[in-house]
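Scroll down for the structure; my scribbles are underneath it.
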Amino acid sequence: MAAVFCFTNVIIRSVCRHHNKNFLICQSVNNQLRSFSNSIRKSIVKPLSSNGDAEYDLVVIGGGSGGLSAAKEASNLGAKVAVLDYVTPSPQGTKWGLGGTCVNVGCIPKKLMHQAALLGEAIEDSKSYGWQFPDPENIHHDWETLKDAVQAHIKSVNWVTRVELRDKKVEYVNGLGKFIDPYTIQAQTKQGERKLTSKYFLIACGGRPRYPDIPGALEYGITSDDVFSLQCPPDIGLECAGFLRGLGYDATVMVRSVPLRGFDQQMANIVAAEMEEKGVKFLEKCIPKAVEKQPDGKLKVSWTNENNEEFSDIYDNILFAMGRRALTREMDVAAAGVKVAGDGEKIDAVNEQTNVPHIYAVGDVLYKKPELTPVAIVAGRLLARRLFGNSSLNMDYDNVATTIFTPLEYGCVGLSEETANKRYGPDNIEIYHAYYKPTEFFIPQKNIKNCYLKVVALREGDQKVLGMHFIGPQAGEVIQGFAAAIKCNLTVNILMNTVGIHPTIAEEFTRINITKRSGKDPNPASCCS
Amino acid sequence: MVKKHHVEGYENFCKFIKELDSEGQVVYVYFCGSKLENGESWCDDCQRAKPVIQKELENADPNAHFVYVEVGGKILIALFRKDPKTKLLVLPTIIKWKCPQRLEGDQCEKPELVNLLFTEED
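See below:
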């Protein structure tokens with residue numbers, strides 16, 4: 232018994248077993264790492280005359296990270312603000328409260344479930360450190376306890392968000408917003424329809440998971456919308472697959488092209504290799520064709536491989552992690568004259584401004600911008616300051632660090648090796664790399680084979696650092712500080728002259744000395760020299 | 761009209777809340793410093809919150825319960841703090857029993873926030 236997941240970008244965290252069901256935990260990685268060159272443009276904040284009688288200064292459509300951040304900052308600066316938020320239930324009927332993807336069905340529940348999986352690993356490790364368990368074979372994970380704890384945390388965050396908005400005098404409208412004209416939004420609420428007029432609008436509707444167009448997908452498939460609140464443990468994307476595996480469920484990840492498309496592919500392959508070693512199965516270059524329910528309630532999934540050969544297998548759950556689509560059509564941005572980008576859904580904004588000067592957009596709805604919560608938060612806050620606080624500071628979308636919470640985490644900032652080579656030419660790029668051995672791994676004899684890091688730099692002079700990549704425990708914590716260093720024009724020279732903290736894993740970045748070009752062995756000789 | 765109850769101390773509270781028949785009804789629990797001889801709480805913040813809560817209670821669901829808890833001295837406060845059901849960190853605190861909704865400290869004296877707590881539907 233097993234489950235299958237179809238992902239374009241996924242992290243498989245784990246497979247778990249619960250009530251004799253096997254689950255695949257995968258995480259979809261929507262946060263494609265891309266780098267963007269920021270062309271310098273002046274911020275265009277145009278005062279409006281045509282809607283001087285508007286009821287609000289700013290109406291935000293979407294109460295997620297970006298929308299809430301802009302709303303709160305605008306209100307702090309004295310603007311009259313309303314936020315519309317409404318969650319259309321998923322095809323499986325899952326819905327949630329105020330706060331958007333990150334809080335409800337994204338970063339937060341994912342990180343908590345990742346932690347649950349890591350704790351399971353820690354229990355294993357602790358035995359070799361001398362901890363004794365009376366009945367080691369009876370240690371098992373209870374999905375329901377985890378799910379309830381995660382959902383309780385989410386609900387308390389929903390509440391705190393409500394309180395914060397009320398305290399800051401931001402009006403919250405629990406309704407589905409839709410443009411009627413460039414200056415009016417119509418909200419469908421429980422109490423009926425309501426029209427809101429505003430001087431400025433902010434489109435912050437985010438996105439929802441995509442489904443493949445195959446029979447049975449909508450009826451029987453689940454997505455990240457559903458997985459964190461499933462009554463029974465799930466099958467799920469790479470991160471999901473990873474934590475499910477870590478909780479003991481059986482997981483299979485089906486990938487259309489390659490895992491973690493858009494990320495540095497050497498690093499992505501190491502992440503996938505580590506997951507495979509932990510028991511997650513991968514079906515690469517496969518395309519799902521149909522999902523059928525069997526008489527016993529299990530799901531028969533059929534797919535084809537790259538040679539067009541057909542296969543099928545039986546799973547308990549199927550989770551789609553195929554990225555997200557922006558909800559611009561649902562809110563009828565066309566009625567406001569807002570143009571969508573070439574993909575037909577996202578908005579290509581310049582400094583968050585759409586083609587309609589008084590209508591802005593932040594967050595996952597933006598075309599070719601990182602789909603990351605902190606990006607949306609900063610962009611929203613800076614936008615509010617430009618609109619209402621006489622600021623001229625624009626959002627810098629370059630060098631944003633991110634982390635994939637696979638069992639062994641992958642954190643990175645800046646350019647991938649491929650992008651750097653393409654942009655500067657391989658002759659002008661130096662890649663430093665190293666395998667390393669976390670001290671804590673020795674005693675439990677954990678697999679160190681995939682603990683690897685890489686620094687992408689310019690070849691000439693002091694070697695300006697363009698990108699840093701790290702696979703290992705706590706990768707997010709490791710990479711965050713280096714992101715600040717890169718913003719300060721970090722060079723390889725400076726990095727090598729930085730004294731490390733011993734014994735840590737972050738110090739490994741200060742010990743780099745082997746270039747790929749040299750062909751030397753990047754495996755460490757000893758620990759303390 | 762909201763059904764009001766009054767208890768003092770940790771043990772009394774635990775016994776009361778266990779025995780309270782509130783099936784299907786909302787229960788609000790308000791924790792504040794015990795009253796002095798003059799009838800006012802020793803805690804200034806609780807004194808300021810009192811009139812706000814009293815007024816906003818009029819907007820609450822008439823079937824709801826309102827439990828006024830005088831927490832007592834330091835030792836008793838520590839018991840309320842350690843109990844995962846109350847997790848009392850600040851006085852005053854008002855919570856919706858067995859729900860994530862809670863207001864702490866000066867939030868309890870802001871009419872708009874107390875109103876949100878008493879009128880919000882899940």
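From first to last, the protein sequence lines stand for chains A and B.
If you're matching positions, the first sequence starts at 232 in this note's numbering and goes up one per residue.
If you're matching positions, the second sequence starts at 761 in this note's numbering and goes up one per residue.
All C-beta atoms in this analysis are idealised placements derived from N, C-alpha and C, irrespective of residue type, glycine included.
Since the structure is predicted, the reported quantities are computational estimates derived from the model, not experimental observations.
Rounded to whole angstroms, the gap between the alpha carbons of Val388/A and Ile736/A is 32 Å.
Contact with chain A is found for Lys870/B, since one of that chain's Cβ atoms lies less than 8 Å from the residue's Cβ.
In this structure, the alpha-carbon of Asp595/A lies about 44 Å from that of Pro811/B. Leaving aside the five residues that flank Leu558/A on each side, the residues in its chain whose CB is nearer than 6 Å to its CB run, in chain order, Cys436.
Taking 7 Å as the upper bound on Cβ-Cβ separation, chain B lies near residues Ala383, Lys386, Ser387, Trp390, Arg393, Val394, Arg397 and Asp398 of the region 372 to 401 of chain A. One Cα belongs to Val314/A, the other to Ile292/A, and the distance between them is close to 6 Å.
Beta-bridge analysis with DSSP links Phe791/B to Val829/B and Thr853/B.
When the Cα atoms are used, Tyr414/A and Val723/A turn out to be separated by approximately 52 Å.
Contacts with chain A at 8 Å (Cβ-Cβ) do not include Glu818/B. Boundaries for Glu768/B: no alpha helix (DSSP H) harbours it, while the beta strand (DSSP E) harbouring it runs Lys763 to Glu768, taken from the DSSP string. Nearest C-alpha to Asn548/A among Gln323/A, Arg555/A and Glu708/A: Gln323/A. A residue is called buried once 16 or more other Cβ atoms fall within 10 Å of its Cβ, and Leu624/A, having fewer, is exposed. By the neighbour-count criterion, in which a residue is buried when 16 or more other Cβ atoms sit within 10 angstroms of its Cβ, Tyr287/A is buried.
Under the three-state reduction of DSSP output, Asp288/A falls in the strand class.
Closest option to Leu308/A, judged by alpha-carbon separation, among Glu561/A, Arg617/A, Thr535/A and Lys600/A: Arg617/A. Annotation for Ile660/A: the continuous beta strand (DSSP E) segment containing it runs Ile660 to Tyr666. Leu613/A counts as buried, since no fewer than 16 other beta carbons sit within 10 angstroms of its beta carbon. Listed along chain A, the residues sitting closer than 8 Å to Glu880/B by beta-carbon distance are Arg393. As the crow flies, the alpha-carbon of Cys859/B is around 22 Å from that of Gly294/A. The alpha-carbon of Trp390/A is positioned some 42 Å away from that of Ile679/A. Using a Cβ-Cβ distance cut-off of 8 Å, the region 688 to 704 of chain A and the region 654 to 662 of chain A are in contact, since at least three pairs of beta carbons, one from each stretch, lie closer than that value. In this structure, Val687/A places its C-beta atom within 8 Å of the C-beta atom of Gly698/A. DSSP lists Pro519/A and Phe542/A as the beta-bridge partner residues of Trp534/A. For Leu848/B, not one C-beta of chain A is nearer than 8 Å to its own C-beta. In this structure Gly865/B is exposed. Its beta-carbon is surrounded by fewer than 16 other beta-carbon atoms within 10 angstroms. Per the C-alpha coordinates, the member of Tyr770/B, Asn875/B, Cys868/B and Val874/B positioned closest to Cys803/B is Cys868/B. Between the alpha carbons of Val336/A and Ser455/A lies a distance of about 6 Å. A straight line joining the alpha-carbon of Gly799/B with that of Gln807/B spans about 10 Å. Going by beta carbons, Ala615/A and Ala348/A fall outside the 8 Å limit.
For the region 288 to 374 of chain A, the full-length beta strand (DSSP E) segments reaching 3 residues or more read 312 to 315 along the chain. In this structure the region 628 to 647 of chain A touches the region 700 to 707 of chain A; the number of beta carbon pairs closer than 8 Å is three or more. By the Cβ-count criterion, Thr729/A is exposed, with fewer than 16 other Cβ atoms from all chains shown falling within 10 Å of its own Cβ. From the beta-carbon of Gln807/B, no residue of chain A is found nearer than 7 Å; the closest lies around 21 Å away.
Here Ile578/A really is in contact with Ala592/A; their C-beta atoms are around 4 Å apart, less than 8 Å. Residues of chain A with a Cβ closer than 7 Å to the Cβ of Gln785/B do not exist, since the nearest Cβ in that chain sits about 19 Å away.
Contact annotation: Val827/B and Val789/B have beta-carbon atoms nearer than 8 Å.
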